[in-house]
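When we follow the working numbering, the leftmost residue of the sequence shown carries the number 8, and every step to the right adds one.
Cβ coordinates follow ideal geometry from the N, Cα and C atoms, glycine included.
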Amino acid sequence: MSRVLLPAMLIVAVTGCSMSSPGPFIPSFTDNGTPPTSRLASREARKAPQGALGGEPDARNPQPSAPSAPGKRMARLDDRAPPGTYDKAPVGALSDRDYSQTRLNAEQALQLINDYRRQKGLKPLKLNAQLGDAAKNHSTDLAKWDRISHFGSDGSNPWDRVKRSGYNARVAAENVGTGQTTFEEVLKGWKESPGHNKNLLLADAEHVGIALVRENRTEFKTFWTLVIGAPL
């Protein structure tokens with residue numbers, strides 16, 4: 008049992024997603040490197056006109072989603088996230104990790120991001136309150152449903168949430184991570200993932216919003232969201 012469970016625990020700890028203009032949905036990966044939801048998510052995205060963060064899903068016909076792990080509850084009827092566009096953690100997968108010191112210092116996180124961008128010859132980003140609100144609202148929603156996704160429970164995608172925040176974007180991107188104990192850990196995972204790394208290094212980006220929601224009652228425990236953008 009331990010041989011089977013250990014890889015799952017390590018995978019959940021570095022789970023992340025990225026979305027950028029106009030890139031596809033990039034979900035978490037299983038231990039054999041296969042993206043479990045990318046085909047479904049991409050199919051949903053292609054059903055509607057493309058926006059700066061990919062397709063905008065049709066949320067007019069909400070329907071319950073099936074649970075993605077044994078023993079998980081069925082999604083409630085008010086869940087409008089398209090089926091197959093999110094992942095959940097196995098029960099107890101992260102119960103041995105210590106989150107008591109997990110915090111987010113947005114200024115320190117910004118410094119780490121900008122140090123990385125400078126190494127690549129890119130201009131630094133500035134914190135933006137509107138993008139911060141978009142990031143915080145999405146992390147809060149992910150924590151409520153205990154899952155990782157670029158779709159909100161109201162059917163929104165990242166582009167919807169950026170617009171909703173009042174930020175008039177010409178460029179926008181979103182990275183999501185769950186289960187990490189520090190921002191350094193989630194940033195390391197993003198750097199090592201091509202889709203996430205592409206978002207971190209968007210040359211035209213000017214602003215960033217960063218959020219963490221910690222919820223001990225969930226399986227994922229922590230929900231990190233990074234939103235990067237440039238205004239019109």
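Determine the burial state of Q137: buried for a count of at least 16 other Cβ atoms within 10 Å of its Cβ, exposed for fewer. buried
Identify, in the order they occur along the chain, each residue of the same chain with its Cβ nearer than 8 Å to the Cβ of A113, setting aside the five sequence neighbours on each side. L134, G139 and I217
Have a look at the DSSP bridge pairing and note the partners of F230. T185 and V220
Would you check if the region 218-227 and the region 145-162 touch, i.e. whether three or more CB-CB distances between them fall below 8 Å? yes
DSSP three-state label for D140, please. helix
Looking at the strands, I want to know which residues DSSP matches up with S156. The partner list for S156 (beta bridge, DSSP) reads Y93.
Is it buried or exposed, A210, if we count other Cβ atoms within 10 angstroms and call 16 or more buried? exposed
What is the DSSP secondary structure of L194, counted as helix, strand or coil? helix
Counting C-beta neighbours from all protein chains within 10 Å, is the total for L149 16 or more, i.e. buried, or is it exposed? buried
Is V178 closer than 7 Å to P128 when the C-beta atoms are compared? In the sequence on display, residue 128 carries Gly and not Pro. No. Outside cutoff.
Under a Cβ-count criterion, where at least 16 other Cβ atoms within 10 Å of its own Cβ denotes burial, should Q115 be classed as buried or exposed? Q115 comes out exposed.
The alpha helix (DSSP H) with Y123 in it runs from where to where? A113 to Q126
Terminal residues of the continuous alpha helix (DSSP H) containing V169? P165 to R171
Exposed or buried, which one is D167 when buried takes at least 16 other CB atoms within 10 Å? buried
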